[in-house]
Amino acid sequence: MHAIANNQFARVTVPRASQGDDPLLRLQQETEEDRPRIRFTTHPDPITITGITVMCPACAARRDWMVICDVPGRVFLRCRCAHQWHEPELTRADFDAMIGDPDRKYPSLEAAARHTGHDGTLAGTYLTGDFDIGE
Ligand SMILES: [Zn+2]
Numbered sequence: 243m244h245a246i247a248n249n250q251f252a253r254v255t256v257p258r259a260s261q262g263d264d265p266l267l268r269l270q271q272e273t274e275e276d277r278p279r280i281r282f283t284t285h286p287d288p289i290t291i292t293g294i295t296v297m298c299p300a301c302a303a304r305r306d307w308m309v310i311c312d313v314p315g316r317v318f319l320r321c322r323c324a325h326q327w328h329e330p331e332l333t334r335a336d337f338d339a340m341i342g343d344p345d346r347k348y349p350s351l352e353a354a355a356r357h358t359g360h361d362g363t364l365a366g367t368y369l370t371g372d373f374d375i376g377e
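Residue numbers (my numbering): 243 to 377.
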């Protein structure tokens, strides 16, 4: 086993003059606060719809989902193998019941997928209990 490099989450640095008072940046932030956003949460447990446990059609996983609710209220499921699909049996109410930490925010869905391990790098990897990988 090789150690994970500490710099794998290295930030992209963009040279920017007068960062503190950029009207365009400020406008963007204000707009993002007001606009209805795509919301998502992670769901480590199996999801059962009408008695049937949801299974990823790509890798046959049955848990560790990322659940995404778009602005019109459609619910998508995303697997650790990065396969994502619309799940018409799930509604916004189902999503609201599943959401764990509504304060958790990411700049984008892709950032969230990376952070929560749903970008494919953990495909087939299942963490036991919590996020303590050990080793
Ligand atoms: Zn999968």
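Yeah, the Cβ is synthetic: ideal placement off N, Cα and C, and Gly gets one too.
From a predicted model like this one, the values you see are computed outputs, not experimental measurements.
Out of curiosity, what's the CA-to-CA distance linking Ile289 and Glu329?
11 Å
First and last residue of the alpha helix (DSSP H) that includes His285?
No alpha helix (DSSP H) holds His285; the beta strand (DSSP E) holding it covers Arg281 to His285.
Rounding to the nearest angstrom, what Cα-Cα distance links Ala381 and His325 in this structure?
A question about residue 381 goes unanswered here, because the residues of the chain that appear run from 243 up to 377.
Just the residues with CB closer than 5 Å to a heavy atom of ligand 1, in chain order, which are they?
Cys298, Ala300, Cys301, Ala303, Cys321, Cys323 and His325
Would you mind sorting Gly315 into buried or exposed? The rule is 16 or more other CB atoms within 10 Å of its CB.
exposed
So what's Arg316 in DSSP terms, helix, strand or just coil?
coil
For the candidate residues Met297, Trp327, Trp307 and Val317, whose alpha-carbon lies nearest to that of Phe337?
Val317
State buried or exposed for Ile310, treating a residue as buried only when at least 16 other CB atoms are found within 10 Å of its CB.
buried
Residue from Thr358, Val313 and Pro265 with nearest C-alpha to Arg320
Thr358
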